[in-house]
Amino acid sequence: MSRIALVTGGTRGIGAAISVALKAAGRTVIASYAGNQTAAENFTEVHGIEAMKFDACDFDACATSVATITSRLGPIEILVNNAGITKDGTMSRMTRDMWDAVIDTNLGSCFNLCKATFDGMKAKKFGRVVNIGSINGQAGQYGQVNYAAAKSGIHGFTKALAQEGARFNITVNAIAPGYVDTDMVRAVPPDVLDKIIAKIPVGRLGHAEDIARGVVFLTADDADFITGSTLSINGGQHMY
Ligand code: NDP
1 MSRIALVTGG TRGIGAAISV ALKAAGRTVI ASYAGNQTAA ENFTEVHGIE
51 AMKFDACDFD ACATSVATIT SRLGPIEILV NNAGITKDGT MSRMTRDMWD
101 AVIDTNLGSC FNLCKATFDG MKAKKFGRVV NIGSINGQAG QYGQVNYAAA
151 KSGIHGFTKA LAQEGARFNI TVNAIAPGYV DTDMVRAVPP DVLDKIIAKI
201 PVGRLGHAED IARGVVFLTA DDADFITGST LSINGGQHMY
């Protein structure tokens with residue numbers, strides 16, 4: 001069914017794979033991005049999916065953009081909160097700005113977009129929300145107090161909002177990816193990456209499509225008995 005889907009950070013990396021997979025599943029997809037115009041234009045040209053620029057940290061910009069989509073296409077029925085950044089540093093080196101940026105982008109954006117879309121889903125008595133967390137929000141990670149706190153917050157946010165949505169056929173779930181081969185992970189020094197891969201039972205980094213498959217599964221019309229869950233997609237790394 002051609003439901004309206006918004007994927008934040010949907011033009012690159014994991015988000016791009018999610019946008020493409022949702023389109024293949026018959027959804028009408030809008031992929032948002034922050035500022036990488038070249039990547040967004042390439043993405044639209046290759047995949048024929050509309051890209052929309054707005055800052056997911058900006059509460060008013062989220063409200064305005066959701067209103068624009070709603071007036072053009074109808075209420076957003078599938079929301080994938082995928083936009084995320086890292087700004088790593090040990091506690092000694094981490095600044096307040098690094099903390100704020102990571103909390104605002106990874107966690108604040110979930111609030112902004114759920115706030116802008118949730119009443120529309122309630123009115124429609126249909127909604128599918130998937131929040132992209134991280135294995136590092138479950139287990140913590142050296143040098144990532146900001147990122148681990150934001151992603152851990154996503155897992156709590158998901159369970160709380162799932163309870164509000166349950167009576168309205170709105171499911172709210174999280175996916176906790178392990179290490180996936182995107183620009184974010186390519187920024188990790190090669191020697192550190194080798195050590196990370198050594199700890200992944202299946203012996204490889206994830207592909208963005210591995211995560212996208214999970215999103216398609218959780219956003220299916222008949223996935224209405226799965227809510228408040230976190231799906232670990234990490235090659236088995238969560239067991240260690
Ligand atoms: P990328 O860095 O490859 O892509 C990030 C995307 O988010 C880009 O499209 C970017 O837009 C967008 N974005 C960043 N900030 C904002 C903002 N303020 N407003 C709107 N969009 C924004 O990241 P990944 O694909 O690797 O990660 C996607 C998600 O998965 C993130 O939440 C990340 O934390 C999570 N994750 C990733 C893992 C990995 O191994 N890669 C592991 C676990 C979780 P633009 O293109 O304009 O810059």
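If you count by full-length UniProt numbering, then the sequence shown holds residues 1 to 240, one letter each, in order. From the three backbone atoms N, C-alpha and C, an ideal C-beta is built for every residue, glycine too.
- In the structure shown, glycine 84 adopts coil according to DSSP, grouped into three states.
- The beta carbon of asparagine 82 sits closer than 7 Å to those of Val7, Thr8, Gly9, Gly10, Ile14, Gly15, Ile18 and Ile132, all from its chain and outside the five residues before and after it, given in chain order.
- Within its own chain, the residues whose Cβ lies closer than 8 Å to the Cβ of glutamine 237, once the five positions on either side in sequence are excluded, are Ile135, Gly178, Tyr179, Lys199, Ile200 and Pro201, listed in chain order.
- Taking every protein chain shown into account, the CB of threonine 117 has 16 or more other CB atoms within 10 angstroms, so this residue is buried.
- The beta strand (DSSP E) runs of length 3 or more contained entirely in the region 46-115 are, from start to end of the chain, 50-53 and 78-81.
- Partner residues in a beta bridge of asparagine 169, as assigned by DSSP, do not exist.
- Taking 6 Å as the cut-off, the C-beta of tyrosine 240 does not count as close to any heavy atom of the ligand NDP.
- For threonine 182, the Cβ falls inside the 6 Å cut-off from some heavy atom of the ligand NDP.
- Cβ atoms of isoleucine 78 and arginine 27 come within 8 Å of each other, at about 6 Å.
- Shortest Cα-Cα distance from valine 130 to any of Leu22, Thr70, Tyr240 and Leu218 involves Leu218.
- Under DSSP, serine 19 takes part in no beta bridge, so it has no partner.
- Following the DSSP letters along the chain, one finds valine 130 inside the beta strand (DSSP E) bounded by residues 127-132.
- Separation of the CB atoms of isoleucine 196 and glycine 203 is rounded to 11 Å, and the pair is thereby denied contact status at 8 Å.
- Note on methionine 121: 16 or more other CB atoms within 10 angstroms of its CB, so buried under the neighbour-count rule.
- For alanine 5, there is no enclosing alpha helix (DSSP H); the residue is found in the beta strand (DSSP E) stretching over 4-7.
- Taking the Cα positions, tryptophan 99 is about 8 Å away from valine 145.
- Here tyrosine 33 carries a strand assignment [DSSP, helix/strand/coil].
- For cysteine 114, the shortest C-beta to heavy atom distance toward the ligand NDP is 6 Å or greater.
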